[in-house]
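Here the structure comes first, spelled out in structure tokens, and everything after it is commentary.
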Amino acid sequence: MNGLGDNLSHGWIRERNDKNELAKKYKHIDPRFLFVKKRYNLRPTEIQGAFGIQQLKKLEIFLRTREENAKFWIDNLNKYRSLIHIPKTETNIRHAWFGFPIVIYEKAGFKHDDFIKIS
3 MNGLGDNLSH
13 GWIRERNDKN
23 ELAKKYKHID
33 PRFLFVKKRY
43 NLRPTEIQGA
53 FGIQQLKKLE
63 IFLRTREENA
73 KFWIDNLNKY
83 RSLIHIPKTE
93 TNIRHAWFGF
103 PIVIYEKAGF
113 KHDDFIKIS
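Quick note on the working numbering: the sequence shown kicks off at 3 and runs consecutively.
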């Protein structure tokens, strides 16, 4: 599936006939997260709204768990601050920690793939 099917998968390569070729072309990007077209998912439904209402009731627990996870990684990666950049937060802002970006400095002497292998 290519072309119109990309709309269904929001530009993701996972359902494309040429996904292997695209994965080779963009080998520096993990194929699980490779999008080749900009697409948006703007189809909220009543069932999604119902799920969302229930999830909002659990928001505080989700945020606390994410904060604990982020604190763990910050505490354990702090000693490598000369090699990697890890996120910092402002004291008056509550971060949702949906992701935990790590930037590897060029001077580190290792690349993304090396970091993934040891983490």
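Each residue gets a CB set at the ideal place from its N, CA and C atoms; glycine is no exception. Remember, it's a predicted structure, so these values are computed and weren't measured experimentally.
>> Pairs of beta-carbons, one from the stretch 80-87 and one from the stretch 99-116, closer than 8 Å: are there three or more?
In response: yes
> Leu-24 and Ile-31: beta carbons closer than 7 Å?
Replying inline: Sequence index remark: in the sequence shown, residue 24 carries index 22 (1-based). Sequence index remark: in the sequence shown, residue 31 carries index 29 (1-based). Result no, Cβ atoms of Leu-24 and Ile-31 do not sit closer than 7 Å.
> With C-beta atoms as the reference, is Trp-75 less than 7 Å away from Phe-100?
Replying inline: For the purposes of this step, residue 75 is taken as residue 73 along the sequence shown, with counting starting at 1. For the purposes of this step, residue 100 is taken as residue 98 along the sequence shown, with counting starting at 1. No, these two residues do not count as a Cβ contact at 7 Å.
> Which one or two residues does DSSP pair with Ile-106 in a beta bridge?
Replying inline: Along the sequence shown, one-based indexing puts residue 106 at 104. In the DSSP output, where bridge partners are listed per residue, Ile-106 has Ile-86.
>> On the criterion of 16 or more Cβ atoms from any shown chain inside 10 Å, does Arg-18 qualify as buried, or is it exposed?
In response: Counted from its first residue, the sequence shown places residue 18 at position 16. Arg-18 is buried by the Cβ-count criterion.
>> Cutting at 7 Å between CB atoms, please list the residues of its own chain near Phe-117, excluding the five before and the five after it.
In response: Taking the sequence shown and counting its residues from 1, one reaches residue 117 at position 115. Ile-106, listed in sequence order.
> Helix, strand or coil: which one does DSSP assign to Phe-53?
Replying inline: For the purposes of this step, residue 53 is taken as the residue at position 51 of the sequence shown. Helix.
> Among the residues of its own chain, which have a CB less than 7 Å from the CB of Ala-98, if the five just before and after it don't count?
Replying inline: Taking the sequence shown and counting its residues from 1, the one referred to as residue 98 is at position 96. Contacts found: Leu-65 and Arg-68.
> Quick one, which of Phe-53, Gln-57 and Ile-104 has its alpha-carbon nearest Ala-72's?
Replying inline: To locate residue 72, count along the sequence shown from 1; it is residue 70. It is Ile-104.
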